[in-house]
């Protein structure tokens with residue numbers, strides 16, 4: 074585990090999810106971290122080009138809170154950082170009265186911030202907009218390493234890519250189908 078984690082754009086980190094399961098993540102812009110569909114049993118990475126690896130998700134993170142799962146900063150000689158475009162469309166949570174929750178589809182600002190965002194679609198519905206819910210990430214900051222860890226473990230174990238916070242916002246929503254690698 075690293076002592077201190079400073080935000081450095083394009084820095085790549087090895088995450089330890091279990092004793093025998095490691096994954097890669099990369100710091101992008103404005104505290105957006107990109108997580109990849111690549112795993113290792115040893116946490117050793119050599120000759121990986123992240124431009125050739127599928128992204129699982131991009132989310133805002135509080136990087137210092139992720140220290141419990143970040144085990145190593147990966148050298149650029151071992152892993153080529155991703156230059157894949159960062160998605161600008163995200164879901165903005167709406168916590169309503171009487172337990173009625175949901176989200177709006179937003180476009181992040183030029184600086185990849187929710188400040189200055191543009192609302193693309195209000196009142197996303199579980200029934201009408203299921204594909205939008207499955208396809209776009211929530212714009213909230215994630216500071217709990219267990220949420221990231223559990224999401225990645227589920228993805229690598231079953232192929233299901235799902236943020237459990239969406240189940241809170243869209244009560245009764247079904248998990249998306251497994252993705253194929």
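In the numbering used here, the protein residues as written are 74 to 254.
Yeah, the Cβ is synthetic: ideal placement off N, Cα and C, and Gly gets one too.
Quantities reported herein were computed from a predicted structural model and do not represent experimental measurements.
- For residue 239, the secondary structure class from DSSP, reduced to helix, strand or coil, is helix.
- Cβ-Cβ distances below 6 angstroms link residue 199 to 243, 246 in the same chain, with the five nearest sequence neighbours on each side left out; the list follows chain order.
- According to the DSSP secondary-structure assignment, residue 191 is paired through a beta bridge with 180.
- In this structure residue 239 does not touch residue 215 by the C-beta definition: roughly 13 angstroms separates them, more than the 8 angstroms allowed.
- Scanning its chain for C-beta atoms nearer than 8 angstroms, with the 5 sequence neighbours on each side dropped, one finds around residue 142 the residues 88, 89, 90, 218, 221, 222, in chain order.
- From the listed residues 196, 188, 181, the smallest Cα separation to residue 174 is found for 196.
- Residue 139: not part of any alpha helix (DSSP H); DSSP gives it neither H nor E.
- Ranked by Cα distance from residue 99, the options 209, 86, 111, 140 are led by 86.
- Around the CB of residue 171, fewer than 16 other CB atoms lie within 10 Å, so the residue is classed as exposed.
- Where residue 231 is concerned, the enclosing alpha helix (DSSP H) starts and stops at 218-231.
- For the pair of segments examined, the region 175-191 was found not to touch the region 143-158: the number of CB pairs separated by less than 8 angstroms stays below three.
- Taking residue 111 as the centre and dropping the five residues before and after it, the same chain places the C-beta of 97, 126 closer than 6 angstroms to its C-beta, in chain order.
- Just measuring C-alpha positions, the residue of 185, 227, 153 sitting nearest residue 163 is 185.
- Look at residue 175 here: in three-state DSSP terms it is strand.
- Taking C-beta atoms as the reference points, residue 252 and residue 232 count as a pair closer than 9 angstroms.
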